[in-house]
Amino acid sequence: MGFPQTSYIYKPIFNKDVILPNKKNLIYLLSIIILVIVGCSPMYKGPISDNYDGTRFFHNERDYTFTEMLKWMWTMNPPKWPEWIEDPAYTPPPKQVGENKFRITHINQATILIQTAEVNILTDPIWSERSSPVSWIGPKRVRAPGVKMNDLPTINVVLISHDHYDHLDIPTLKTIAARDNPKIIAGLGVGALLRSKGLNNVVELDWWQDHSVRSNSIKITFVPARHNSGRGLFDKNKTLWGGFVVESPAGRLYFSGDTAYGEFLSSIKNKFGDFKVALLSIGHYEPRWIMETHHMNPDDAVKLHKYMNIEQSIGMHFGTFGGHNDEKVNDHEKDLKDALQKYGVQTSEFWLLGFGEGRDISI
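And the structure:
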């Protein structure tokens, strides 16, 4: 599925030097108002718990404040990304793989195809041109998804880490559901949004709850993350976010979703032990003064790799949608190289895949 090489038009509303009262600024302000109106998720109501106060979900580490968010919006200065990037073509993924390995295919952003034990799992799928509730404004992709929708094998399970637009894309989910009707596994509260869009094959999990598939041969556990949720300005943390641990005959796999580095990682390590594979977010990490509260940078990801004693780590969440972060399209590559050298980790242990590239990790 290709996209036309149209002009890159998403720019910050606020400029740290000046705000010009012109037609373009008024259009952007109107756009934000529209995003606020159409963007909120349905309300979740459940019992108070150690991560839900009766109104919002929370974690126990520092998060950014509303004032900091406004400061970031005012001072953000994202560099210009390419209008379009043509990636090399890779062989489409197989229909399935056996029990003795994981097959990992990098598609784009946090969309990863995980194949193991004759089960095909797709994480945070997005094939839309923008990660936005509307088609005419919002972060726009600069490259096509690495695998065409028609080249995907039958999808048995979809994992949704949280409800941000670049991770929960309704048009993509509807397309996959119409074709394969996979089980969609997500955090508490996300099911209401999905069902309101006609997506009913949903399992909602709290942190540490699990769901098994294919005669219990694969167990999927929802685990904590240091991040947040929300699809508008007024529904922050109304649904639960997290990562996933996939346990199969081939070993344990950790999918971080979006997360910052934090103390919560010790609880995952203590519960599950070592991991065969990890899919770790390494993009959208600048400026650090605010992003360090909810996104890892490559240095954090390599530190996590070592701390959790992961055999093979693969970076993700980079180079797809521009305009809302302060790093260049390929900054993650240099920063990852520097981090690997800093921590003495070999490139054979922590690596990147091309968009559409797949690789086997065997027992």
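Each step along the sequence shown adds one to the number in our numbering, with nothing skipped, and position 26 is 21.
We put the beta carbon where it would ideally sit given N, CA and C, even for glycine.
Spatially closest choice to residue i from the options, by CA coordinates
{"i": "V114", "options": "S126, Q104, R98 and V129", "result": "R98"}
{"i": "D326", "options": "P282, Q307 and Y302", "result": "P282"}
{"i": "P219", "options": "V185, D161 and T254", "result": "T254"}
{"i": "E124", "options": "V92, W284, E78 and A187", "result": "E78"}
{"i": "S127", "options": "L347, H319 and I358", "result": "H319"}
{"i": "G353", "options": "P83, R138, I132 and S251", "result": "P83"}
{"i": "E63", "options": "W346, E306 and W284", "result": "W284"}
{"i": "D377", "options": "I305, D294, K301 and V272", "result": "The structure shown does not extend to residue 377, since the chain spans only -4 to 358, so no value can be given for it."}
{"i": "L228", "options": "E56, K264, M68 and P140", "result": "M68"}
{"i": "I215", "options": "A181, S261 and K329", "result": "A181"}
{"i": "F61", "options": "G252, N232 and W131", "result": "N232"}
{"i": "G237", "options": "E344, H157 and P244", "result": "H157"}
{"i": "F259", "options": "D205, D330, N55 and N195", "result": "N55"}
{"i": "L331", "options": "G310, V324 and D161", "result": "G310"}
{"i": "W203", "options": "I102, S261, D269 and F217", "result": "F217"}
{"i": "I132", "options": "Y160, T118, D119 and A112", "result": "Y160"}
{"i": "H206", "options": "D230, T170 and S243", "result": "S243"}
{"i": "V185", "options": "A139, D119 and V240", "result": "D119"}
{"i": "I291", "options": "Y256, H101, A245 and P42", "result": "One detail in the question is off: residue 291 reads as Met in this sequence, not Ile. Considering only alpha carbons, the answer is Y256."}
{"i": "E199", "options": "D48, G268, I102 and F239", "result": "F239"}
{"i": "N211", "options": "G268, F250 and A112", "result": "A112"}
{"i": "F270", "options": "Y249, Y85 and V297", "result": "Y249"}
{"i": "H162", "options": "K329, T315, T100 and G268", "result": "T315"}
Assigned exposure category for residue i - 16 Cβ within 10 Å defines buried
{"i": "F313", "result": "buried"}
{"i": "L168", "result": "buried"}
{"i": "G349", "result": "exposed"}
{"i": "T50", "result": "exposed"}
{"i": "E322", "result": "buried"}
{"i": "H173", "result": "Residue identity differs from the one stated: residue 173 is Ala in this sequence, not His. Classification of A173: exposed, given that the 10 Å Cβ count is below 16."}
{"i": "E287", "result": "buried"}
{"i": "S191", "result": "exposed"}
{"i": "R209", "result": "exposed"}
{"i": "R247", "result": "buried"}
{"i": "I155", "result": "buried"}
{"i": "I213", "result": "buried"}
{"i": "G351", "result": "buried"}
{"i": "P166", "result": "exposed"}
{"i": "G93", "result": "exposed"}
{"i": "P177", "result": "buried"}
{"i": "F345", "result": "buried"}
{"i": "P89", "result": "exposed"}
{"i": "D230", "result": "buried"}
{"i": "P42", "result": "exposed"}
{"i": "V129", "result": "exposed"}
{"i": "L194", "result": "buried"}
{"i": "D45", "result": "exposed"}
{"i": "D295", "result": "buried"}
Rounded distance between the beta-carbons of residue j and residue i, thought under 8 Å
{"i": "Y39", "j": "T234", "result": "6 Å"}
{"i": "V142", "j": "P87", "result": "6 Å"}
{"i": "L183", "j": "D201", "result": "5 Å"}
{"i": "Y59", "j": "H289", "result": "7 Å"}
{"i": "T106", "j": "I116", "result": "T106 to I116, Cβ: 11 Å. No contact."}
{"i": "Q91", "j": "Q104", "result": "At roughly 24 Å, the Cβ-Cβ gap does not stay under 8 Å, so Q91 and Q104 are not in contact."}
{"i": "P293", "j": "I277", "result": "5 Å"}
{"i": "K264", "j": "M303", "result": "5 Å"}
{"i": "G252", "j": "P134", "result": "Not quite, the Cβ-Cβ distance comes to about 18 Å (not below 8 Å), so this is no contact."}
{"i": "P37", "j": "L188", "result": "6 Å"}
{"i": "S308", "j": "K96", "result": "17 Å between Cβ atoms; not a contact."}
{"i": "I80", "j": "V137", "result": "5 Å"}
{"i": "V241", "j": "H300", "result": "Going by Cβ atoms, the distance from V241 to H300 rounds to 17 Å, so no, they are not a contact pair."}
{"i": "P140", "j": "I102", "result": "5 Å"}
Length at least 4, wholly inside the stretch 261 to 345: the alpha helix (DSSP H) runs in chain order: 283 to 286, 293 to 302 and 326 to 338
The stretch 216 to 228 in contact with the stretch 65 to 77 per 3-pair CB rule at 8 Å: no
Segment contact, 8 Å Cβ cut-off, at least three pairs: the stretch 326 to 337 with the stretch 144 to 153: no
Secondary structure, alpha helix (DSSP H): runs of 4+ residues fully inside the stretch 33 to 67: none
Ranges of the alpha helix (DSSP H) found wholly within the stretch 157 to 233, counting only runs of at least 4: 165 to 175 and 185 to 191
Within the stretch 80 to 168, ranges of the alpha helix (DSSP H) (whole runs, at least 4 residues): none
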